[in-house]
Amino acid sequence: MQRLPEIVRQQPCALVRWLVHLLKVWLLRIFHIDFEDGSNNIKETGETKYVDIPRVKELPLVGTLLDLIAAGGAPHLHKYIDARHRQYGPIFRERLGGGSQYAVFVASANLMRSVFLHEGQYPQHPLPDAWTLYNQLHDCQRGLFFMEGVEWLHNRRILNRLLLNGNLNWMDVHIESCTHQLVEKWRAKTQSNVSYELPQLEQQLYRWSIEVLCCIMFGTNVLRCPKIQSILDEFTQIVHKVFEHSSRLMTFPPRLAQILRLRIWRDFERNVDEVLRQASFIIELCMRDQDDQEETLFHKLQSADVPGEMIKRIFVDLVIAAGDTTAFSSQWALYVLSTEPELQKRLAQEQLASESQLLHGLIKESLRLYPVAPFIGRYLPQDSQLGCYFIEKDTMVLLSLYTAGRDASHFEQPQRILPERWFLGKSEQVHQAHASLPFAIGQRSCIGRRVALKQLHSLLGKCANQFQMHCLNEQPVDCILRMVTVPDQQLRLSVQPRLS
Ligand code: HEM
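Those letters in the sequence shown? Residues -30 to -1, 1 to 470, per mature numbering (1 follows the signal peptide of the UniProt record, and there is no 0), in order.
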């Protein structure tokens, strides 16, 4: 606080803007004290009758902040919202974190689908404030996730063609090769009848997902270069930290942290600087060392006339988007598998045909119960009708995937792992398949879905085939939110060669 006058001298406008914002929020709170009971009233707009969306009770000044803190804060947001849905139903409004804007939370399969039908031509999703601020301050042009409007649609169409549609065998070769190396490394450490605990599992899976992306982008050849290998070691560490730093700024306004030059902002800023610098360096090295004969995303983007600078922007964000999501989805799937010895046996007996329904069902179950992105957001571009509810233009709608995936009206015995529920002809155990949307749907859904699913199939298939897996954690493992859902304790898995 002693440094405040200096900051006022440096950035008076930003500080004043922030204070005005704070004052506005407080005034809103003081003069619109609202203790609605959440009951469903009917409202008429023109010809149509709508049902009121229940609004969460809040206190003057602090809103619902104390409730969230009592529930464990941001790391437990998915559980906090889950409890709200139980209280208010499949749709409700809440002003989270003391802000002035409402978010509408939605957890029913039909309403979620309706959101995607109303997302418009250029779907807009909420971006982490810390990242938007960083991009603004550093005048930084970013990849697909941060793009908007025509620029987004143009690049998205190109990437849809290259990463989601048509024959993608060229990509599978790279994924298989990287996964084979990882599993062989583990196998080499095991001896019959002796369990081997996989060390630094999180780091290893992180590294694997980044290697897969580099190979898809530039071919397997680049991984043979010792210099690239050592830079990837370092890069894995720092990309991994980005999520730690970003998640700290989820519980503190980034703008304020930046104005006050707090350590959480400085760490985040330094870390992102480093990630972007190293990613750029890796791309330059890879471009030099790639084999022109290999089929790669880089060549395909060049053939589609995407300029070099844009390729860099796209690649950096693909790596950042892939790192955490794939590493943690794989951790969750390995965890689920390790707790199901019978399932492991059945998978091994199947000899793992690549089309194994059982493996497919296991991965669907793990993504249903542990969606790494537990909320998907959309700003609706115009006034819309979702079921019998009216949603105003520009409202932020958040889909509560964690709740939807565990709802008994969507899935029979939702807490149980039942891969068979996804088999053809078993629809009685899945009442609403659209309640599990780990990659979202619609135009702005995950561009890496095909890559991630192939990775998961390849890793889980190889592990089930070769190992008996055990979970060594003594306490039950639960999930917390750290930008993505992660285990609440370090996951300890062991492998030993499968004998039968
Ligand atoms: C199991 C792993 C993954 C999960 C669960 C996942 C989930 C998601 C979800 C839910 C979205 C939509 C966000 C929104 O609509 O607001 C998304 C977007 C995105 N994902 Fe993934 N993802 C995974 C892996 C990957 C991989 C491997 C890549 C890179 C190859 C990737 C790249 C992206 C990008 C660039 C976007 C933004 C797309 C756009 O804005 O058009 N993801 N992901």
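Glycine residues also receive a C-beta, built at the ideal position from the N, C-alpha and C atoms.
Each residue's CA atom was taken as its position, placing TRP122 and GLU362 some 24 Å apart.
For MET439, the enclosing beta strand (DSSP E) covers residues 437 to 441.
The Cβ-Cβ distance between GLU89 and ARG419 does not fall below 9 Å. Note that the region 202 to 212 touches the region 287 to 294; at least 3 beta-carbon pairs, one per stretch, sit closer than 8 Å. PHE62: member of the beta strand (DSSP E) spanning 61 to 64, first to last residue. The beta-bridge partner set that DSSP reports for ARG452 consists of VAL454.
Annotated as proximal: LEU463 and TYR305, with beta-carbon spacing under 9 Å. Judged by DSSP in its simplified three-state form, ILE361 adopts strand. Contact between PHE393 and GLY331 holds: their C-beta atoms lie close to 6 Å from each other, under 8 Å. Scanning PRO457, LEU38, MET366, VAL342 for the CA closest to the CA of GLY375 turns up VAL342.
A check of alpha carbon separations from HIS124 across GLU310, SER299, ASP364, LEU271 identifies LEU271 as the nearest. Here DSSP, grouped into helix, strand and coil, assigns PHE393 to coil.
Secondary-structure assignment with DSSP links ARG25 through a beta bridge to ARG63. Ranking TYR72, VAL26, ALA79 by CA distance to the CA of ALA53 puts VAL26 first. Rounded to the nearest whole angstrom, the C-alpha separation of PHE268 and LEU423 is 21 Å.
DSSP places PHE213 in the helix class (H, G or I) of the three-state scheme.
In the DSSP assignment, TYR372 falls outside any beta strand (DSSP E) and within the unbroken alpha helix (DSSP H) covering 371 to 375.
It is roughly 40 Å from the alpha-carbon of LEU339 to the alpha-carbon of LEU255. A distance below 9 Å separates the beta carbons of THR365 and ALA73.
Short note on SER370: C-beta not closer than 8 Å to any heavy atom of the ligand HEM. Judged by DSSP secondary structure, PHE86 falls within the alpha helix (DSSP H) whose first and last residues are 79 to 87. Within the region 92 to 163, no run of beta strand (DSSP E) at least 3 residues long lies entirely inside it. Per the coordinates, the alpha-carbon of ASP259 lies some 15 Å from the alpha-carbon of SER200. Look at CYS184: its beta carbon is at least 8 Å from all of the heavy atoms in the ligand HEM. VAL367 is bridged by DSSP to VAL74, ARG348. Per the C-alpha coordinates, the member of GLN460, SER406, LEU368 positioned closest to LEU66 is LEU368. Counted as a single uninterrupted DSSP element, the beta strand (DSSP E) harbouring SER464 occupies residues 463 to 467. The closest heavy atom of the ligand HEM lies less than 8 Å from the beta carbon of THR295. For the pair GLN174 and LEU152, the CB atoms are nearer than the 9 Å cut-off. Comparing C-alpha distances from GLU382 to each of THR102, VAL400, GLY395, GLU390 shows the shortest one belongs to VAL400. For GLN111, the CB stays at least 8 Å from every heavy atom of the ligand HEM. Between the region 41 to 59 and the region 309 to 319, the count of Cβ pairs shorter than 8 Å is below three; the stretches do not touch. Going by DSSP, LEU267 is part of the alpha helix (DSSP H) stretching over 267 to 273.
For VAL400, DSSP records a beta bridge to PHE381. Residues of the same chain with a CB within less than 6 Å of the CB of ARG391, apart from the 5 flanking positions on each side, are GLN399, VAL400 in chain order.
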